[in-house]
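Asker: The structure under discussion is supplied below as structure tokens; questions concerning it will follow.
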Amino acid sequence: MVDLSVRVGSVDFANPVILASGACGFGRELSEYVDMSTIGGICSKGLTLLPREGNPGCRVAETASGMLNSVGLQNPGLEAFLQNELPFMTGLGTRIIVNVAGHSTNDYQKMVERLGAPGTPVDVLELNLSCPNVTEGCMTIGATADGVYNLVNAVRSLTDKPLWVKLTPNVTSISETAHAAQDAGGDAVVLINTLLGLAIDVKTRRPVLQNNTGGLSGPAIKPVALRMVQECYRLISIPIIGVGGIMNAADVIEFMLAGASAVEIGTASLLHPAACAKIIKDLTAYAEDNCLEALSSLTGELKLW
Amino acid sequence: MVDLSVRVGSVDFANPVILASGACGFGRELSEYVDMSTIGGICSKGLTLLPREGNPGCRVAETASGMLNSVGLQNPGLEAFLQNELPFMTGLGTRIIVNVAGHSTNDYQKMVERLGAPGTPVDVLELNLSCPNVTEGCMTIGATADGVYNLVNAVRSLTDKPLWVKLTPNVTSISETAHAAQDAGGDAVVLINTLLGLAIDVKTRRPVLQNNTGGLSGPAIKPVALRMVQECYRLISIPIIGVGGIMNAADVIEFMLAGASAVEIGTASLLHPAACAKIIKDLTAYAEDNCLEALSSLTGELKLW
Amino acid sequence: MLKEYEAALVEKKLLGIGNVLLTFACEDIAKMAEPGQFVNVSCSLFLKRPFGICTVDPIGNTFSIGVKEVGAGTKDILTASVGDVFSILGPLGHGFSFDGVKKIIAVGGGTGIYPLYFALDKAKRKGIPAICVNGFRSWQDAFFLSECEELSEKTIFASDAGDLGVKGTVMDALKLLQPEDLTDATVFVVGPEIMMKKVSAWAHVHQLSCQVSLEKRMACGFGICLVCVCKIKSDADNMPFHHVRCCKEGPVFQASEVIW
Amino acid sequence: MLKEYEAALVEKKLLGIGNVLLTFACEDIAKMAEPGQFVNVSCSLFLKRPFGICTVDPIGNTFSIGVKEVGAGTKDILTASVGDVFSILGPLGHGFSFDGVKKIIAVGGGTGIYPLYFALDKAKRKGIPAICVNGFRSWQDAFFLSECEELSEKTIFASDAGDLGVKGTVMDALKLLQPEDLTDATVFVVGPEIMMKKVSAWAHVHQLSCQVSLEKRMACGFGICLVCVCKIKSDADNMPFHHVRCCKEGPVFQASEVIW
Ligand SMILES: Cc1cc2nc3c(=O)[nH]c(=O)nc-3n(C[C@H](O)[C@H](O)[C@H](O)COP(=O)(O)OP(=O)(O)OC[C@H]3O[C@@H](n4cnc5c(N)ncnc54)[C@H](O)[C@@H]3O)c2cc1C
Ligand SMILES: Cc1cc2nc3c(=O)[nH]c(=O)nc-3n(C[C@H](O)[C@H](O)[C@H](O)COP(=O)(O)OP(=O)(O)OC[C@H]3O[C@@H](n4cnc5c(N)ncnc54)[C@H](O)[C@@H]3O)c2cc1C
Ligand SMILES: Cc1cc2nc3c(=O)[nH]c(=O)nc-3n(C[C@H](O)[C@H](O)[C@H](O)COP(=O)(O)O)c2cc1C
Ligand SMILES: Cc1cc2nc3c(=O)[nH]c(=O)nc-3n(C[C@H](O)[C@H](O)[C@H](O)COP(=O)(O)O)c2cc1C
Ligand code: FES
Ligand code: FES
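Below you can see the structure in the form of structure tokens.
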């Protein structure tokens, strides 16, 4: 039997396949399609301190091999999450990652304090410094190395739980922001969130999305995500979780070769609810066919020219 | 008869469709498929002072709705261009743009001085500050506002010809580099060059491209390009030439609505040599169907929410 | 466990200009679907496309959807051949509630008639009388005329062109209903948003309970991405509305809850 | 003016394991193509795929290519049905030069046999005698055996498995050639790079002129993108090589010019 397990810092996962934030809700709907105890982990929808209804109007635009979304962090807020969603997630029998978003440093601090308290059944906190669909916080913070450093630094001492820092690709140098995350005590970086994009309805002469712009996800962005994972793998020393356009097991292997210790699956689940299960099955077959003892041995094995 | 003509600064074009640098050579091959006098203009392959053989090995990787290239500015060099290619281009009966690349400010200066001399049959110089496939110059210069400003400033006084500045999307703020181009006297900005990406061959565990990374083009990047055009249109006052994933007339209209005065067609020509001709035909039909007197009236007509 | 189906197209039937009834082989959907629910169907573009379920044959293990060509996705789906296989998720969402429904006034416009046909069919089987009011652009665009008549006690058609039934919209057709037609009736409306809004207002005036089926652009169709939300009235203190998933809590909502 | 063709697939013929001959209707390509030239064929992926032209029928206005399934693009092309329409560019590139050719030794491996077959056909029509040396993995993989024999004065097969002709590679088969076979011969080689390199060296030793057909990953196929370059010897002073387009100056080059 091949060993699919991976370790990201102090946390081990049954396999490298984690459901990405915003593309799995809190696991309820996907649990009707997939035995959630078989997947590596699940990352909650981006949470904020207070409930948010998100952005108005049309929130999705189809693009070539991808989609734009402008959900804008619609979520029930921290309290409702703890009461109604976290218990459900805990019952799924998989690793739980909570995606934390905020308008201000203070928001992040409050949430990290609460979610990261020793008792909470949360394995990892993922700091979302990269949502492109809100006007304050998030991507604004994640756009500069200083912003990332200061935010991570401001929350680091508030919890003993691992802190993953989810970064935006909309920067000149991803390795600089990744470095900042590392320097401030982040346990891993998650690369990448969506690329900022625009779709236009020629008939109405308006943006398709009522938020005007949105975040681009799906296979279209995979080459950019892979490049950023590879670039950071060479330049930082904390683990990397790869995200962006992963549709199948071959994509997972590409991300691992590029330097990812684990991966997150976003848009693929929207298209095929059981995508994660199929990917895990195919990863097993791949590892067997290639006589890999441990899938984790692939991480960073890409040989550059 | 509808008026497809557009004006970019002081230069008028019969229509907004220009062949993008690196995706039309010097026009020889495409002239066998298309009556080049019917297109808006042609932009030469990126030129350097001395001949370059470009990067070794595999230079193309297919991606979802796009491709990566790592040609690395293979070109015959300035002298051979002036002798062998420019006369041919001049005979095509369309506007001629020369894409100028360099390793150093000095390179750019020499080339601008020569190509931009009053007598040369060149309508526009396009400063390529964005090629991701060479280690010096280009994208390194274009990655910061200071780099752009200094470079454009250093060549501005050397020619009276219009200078278009082609920018890289691999930056945190495209409007900052666009602003720098404007402030230094650029006549227009060309948005966007390719996104830096990576493709991996799972079997060999090596990058598909022997240059490791390459530039992502094609429909995959269209949402990013549209967003950048729109962002700059709101924040700068010089004209914008839109590039990135344009495959058909509807795409051209989207770019014009977003703020482009003209567009460049890259990858589409690789897939369909007569793409530009078809696009121009369909633009005419569109303008007629929509009773537009002048296609140019579309520029910037996008109504944001 | 629910699953994504690989379902073969088994029949294509042209109904009217640009409207085609597509029948797929899929036992589970045929057996589980309720009127008002929908399926999300793969096409050559990136996202699946949602369509209301129109008929089910739980014996023959097929179901059908009516598709109107409006863009690249529907065009692609309509060029498929019998035998072609589609990835399909469904049945999805919450359909019409028949709780306490004694009589139905089904008001349909355009492709809205497809899910209503399924509702009429169920009503007939449950012995619930139904009145059917359908609006079309013109006679050429019309379909399911005799089918709807068969399932309803009374049928009124309206057409913008005036060449079929009442000249005008369904609002004009509704005026032809007699007071006794309205007694104890529940209104089911599916059609363009503006029509559903007007019919809802009409139902409100006549104090009739009314259910509407909203259409939003979707991605997943089963509740995980939150791109498809509708504005639904909220009783929370400082919150005039909630964003509720059209694909999961809907597509059918009580008209009284919807903020148009 | 050249153009991109919309060409229908008119015949599919299974040749051997994973090897299929596809015939397309296209008058211009059928009439213009020369051996060694190729076509660039659309598939469901982003880029077209290049294939050497295998046969032409300038009367019936068809041409054919032999396709071996090696990945997603060839798989997609091979699942097409007769009647399906492809976007095709061609004939592209420079094929074999017959200038001064008195006799041909055609050395083919795998799919390289397809363009060589076309060359043999032309040679026959021009009255140029040919010897054919083809290598396969095994008997099951072999195809075009009698076809090649028909067009050649002498045919030698080699197979790695040893179950067809000589056991070994084409290099082993070439050893069976008699000195008189080599007299005045020009060698045409198409196959895996390593084979072409070895055969080139063999030809050099025997002082035979040799033409090879290189395969590079392509995008446009007609010379505008520069992604497909080969290293060709240069006589320039400070430049040991030139990057030359495989799709335009090639795919057939004089072996003596190639830097492997
Ligand atoms: C719950 C639900 C049930 C539906 N039932 C049916 C049905 O029974 N029969 C039928 O023909 N159609 C139905 N639709 C609409 C159908 O999904 C769209 O027509 C289809 O997705 C358009 O795809 P396209 O690629 O052809 O058009 P696109 O090119 O994507 O768009 C063309 C036009 O259609 C609009 N549109 C696109 N997607 C949607 C959408 N999801 N909802 C509303 N408008 C959209 C766009 O704004 C645009 O104006 C339903 C939609 C929903 C949400
Ligand atoms: C001038 C020329 C003539 C050719 N003639 C034939 C022919 O007659 N019959 C035939 O079956 N094949 C021929 N090929 C090869 C054929 O183009 C490739 O097999 C095909 O493009 C692979 O596409 P794919 O999507 O199936 O494989 P991919 O998934 O793209 O790749 C699968 C494998 O094939 C290799 N490959 C992909 N593209 C090429 C390419 N353009 N050149 C070389 N290797 C490649 C890759 O490195 C990879 O290992 C020719 C190629 C060239 C350049
Ligand atoms: C509909 C949608 C909602 C998302 N919401 C969030 C979110 O709340 N927090 C977050 O960090 N990322 C969010 N993302 C980004 C994804 O987690 C992921 O980083 C991105 O989509 C790229 O991966 P993919 O191509 O596999 O989807 C969202 C993505 C989508 C498509
Ligand atoms: C093969 C190839 C070569 C290119 N070479 C150049 C170049 O020499 N100079 C330049 O400014 N841009 C170059 N580009 C970028 C294009 O001009 C264009 O900006 C980019 O491809 C995006 O447009 P597209 O999606 O329409 O291709 C090249 C692109 C491709 C695909
Ligand atoms: S479409 Fe994804 S939640 Fe409704
Ligand atoms: S494939 Fe484009 S130049 Fe050869």
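Protein chains in written order, with numbering that gives the first Met the number 0: chain B, 0 to 304; chain P, 0 to 304; chain F, 0 to 259; chain V, 0 to 259.
Ideal Cβ placement from N, Cα and C applies to all residues, glycine included.
Remember, predicted model here, so these are calculated numbers, not experimental data.
#1: Got a sec? Which residues, its chain only, sit under 6 Å from Gly-263 of chain V by beta carbon, not counting five neighbours each side?
#2: CB Ile-191 of chain B to CB Met-227 of chain B, shorter than 9 Å?
#3: Any C-beta of chain F sitting closer than 9 Å to the C-beta of Asn-169 of chain B?
#4: What residues are listed by DSSP as bridge partners for Met-66 of chain B?
#5: What's the gap between the Cα of Glu-230 of chain B and the Cα of Gly-39 of chain B?
#6: If distances are taken between C-alpha atoms only, which option among V:Cys-131, V:Asp-162 and V:Ala-141 comes closest to Glu-148 of chain V?
#7: Which stretch, first to last residue, makes up the alpha helix (DSSP H) that contains Thr-89 of chain P?
#8: Does Gly-40 of chain P come within less than 9 Å of chain V when only Cβ atoms are used?
#9: Which one or two residues does DSSP pair with Tyr-4 of chain F in a beta bridge?
#10: Under 9 Å, do Phe-143 of chain F and Tyr-116 of chain F count as touching if we go by C-beta distance?
#11: On the premise that Ala-172 of chain F lies in contact with Ala-160 of chain F, defined as a C-beta separation below 8 Å, what is that separation, rounded to the nearest angstrom?
#12: Relative to the C-alpha of Val-16 of chain P, which candidate in P:Thr-171, P:Ala-198, P:Val-5 and P:Leu-77 has its C-alpha closest?
#13: Only counting the same chain, and skipping five residues up and downstream in sequence, which positions put a Cβ closer than 6 Å to that of Leu-294 of chain P?
#14: For Leu-8 of chain F and Ala-79 of chain F, I'd like the C-alpha separation in whole angstroms.
#15: Residues of chain F with CB under 9 Å from Pro-75 of chain B, in chain order?
#16: Which residues, in order along the region 3-22 of chain B, keep a beta-carbon less than 8 Å from a beta-carbon of chain F?
#17: Would you kindly report the start and end of the unbroken beta strand (DSSP E) that includes Glu-292 of chain P?
#18: Would you call the region 124-135 of chain P and the region 77-87 of chain P touching, i.e. three or more CB-CB distances under 8 Å?
#19: So, under 8 Å CB-CB, Ile-240 of chain P and Val-7 of chain P are touching, yes? Tell me the CB distance rounded to an integer number of Å.
#20: Check Cys-231 of chain P in the structure and name its three-state DSSP category.
#21: Quick check on the DSSP output: the beta strand (DSSP E) that includes Arg-6 of chain P runs from which residue to which?
#22: If I'm right that Gln-210 of chain V touches Gln-177 of chain V with Cβ under 8 Å, what's the distance once you round it to whole angstroms?
#23: Got a sec: which bits of the region 232-250 of chain V sit with their beta carbon under 8 Å from any beta carbon on chain P, in order along the chain?
#24: Taking Cβ-Cβ distances shorter than 8 Å, what residues in chain V pair up with Asn-68 of chain P?
#25: Please identify the residue among P:Trp-304, P:Leu-303 and P:Leu-194 whose C-alpha is closest to the C-alpha of Gly-141 of chain P.
#26: For chain V, check one thing: does any of its Cβ atoms lie closer than 9 Å to the Cβ of His-271 of chain P?
#27: When the cut-off is 9 Å and only beta carbons count, does Glu-3 of chain V lie next to chain P?
#28: List, in chain order, every chain B residue whose beta-carbon is nearer than 8 Å to that of Arg-204 of chain P.
#29: Between the C-alpha atoms of Gly-109 of chain V and Thr-168 of chain V, what's the straight-line distance to the nearest angstrom?
#30: Going along the chain, which residues of its own chain have a beta-carbon closer than 7 Å to the beta-carbon of Ile-155 of chain F, five neighbours each way excluded?
#31: Which residues, taken in chain order from the region 209-235 of chain P, show a beta carbon closer than 9 Å to some beta carbon of chain B?
#32: In whole angstroms, give me the CA-to-CA distance for Phe-85 of chain F and Ala-141 of chain F.
#33: Nearest to Lys-247 of chain F by alpha carbon, out of F:His-241, F:Cys-227, F:Ser-43 and F:Asn-237?
#34: Out of curiosity, what's the CA-to-CA distance linking Leu-67 of chain P and Glu-31 of chain P?
#35: Measuring from the CB of Ser-64 of chain P, is there a heavy atom of ligand 3 at a distance below 8 Å?
#36: Between Val-111 of chain B and the rest of its own chain, which residues show a CB-CB distance below 7 Å, the 5 nearest in sequence each way excluded?
Answerer: In this structure, then:
#1: What the structure shows of chain V is the stretch from 0 to 259, and residue 263 of chain V is not part of that stretch, so it cannot be assessed.
#2: yes
#3: no
#4: DSSP lists B:Glu-61 and B:Ser-216 as partners of Met-66 of chain B.
#5: 25 Å
#6: V:Cys-131
#7: 85-89
#8: no
#9: F:Ile-87
#10: Yes, the pair counts as a contact, with Cβ atoms nearer than the cut-off.
#11: Actually they are not in contact, since the Cβ atoms of Ala-160 of chain F and Ala-172 of chain F sit about 14 Å apart, beyond 8 Å.
#12: When each option's Cα is compared against that of Val-16 of chain P, the closest is P:Val-5.
#13: Leu-3 and Ala-286
#14: A straight line joining the alpha-carbon of Leu-8 of chain F with that of Ala-79 of chain F spans about 8 Å.
#15: Within chain F, no C-beta atom comes less than 9 Å from the C-beta of Pro-75 of chain B; the nearest is roughly 10 Å away.
#16: Gly-21 and Ala-22
#17: Glu-292 of chain P -> no beta strand (DSSP E), and no H or E assigned at all.
#18: no
#19: 7 Å
#20: helix
#21: 5-7
#22: Not a contact, Cβ separation roughly 22 Å.
#23: Met-238, Phe-240, His-241, His-242 and Lys-247
#24: Simply Ala-218, Cys-224 and Val-226.
#25: Ranked by how close their Cα comes to the Cα of Gly-141 of chain P, the residues P:Trp-304, P:Leu-303 and P:Leu-194 have P:Leu-194 in first place.
#26: Residue contact with chain V for His-271 of chain P: present (Cβ-Cβ distance below 9 Å to some residue of chain V).
#27: yes
#28: Leu-256, Glu-300, Leu-301 and Lys-302
#29: 11 Å
#30: Counting only Cβ-Cβ distances below 7 Å, and skipping sequence neighbours, we find Val-132, Gly-164, Val-165, Ala-172 and Leu-175.
#31: Hits within the stretch, in order: Gln-209, Asn-210, Asn-211, Thr-212, Gly-213, Leu-215, Gly-217, Pro-218, Ala-219, Ile-220, Lys-221, Pro-222, Val-223, Ala-224, Leu-225, Arg-226, Met-227, Val-228, Gln-229 and Glu-230.
#32: 27 Å
#33: F:Cys-227
#34: 26 Å
#35: no
#36: Val-99, Leu-124, Val-154, Leu-157 and Thr-158
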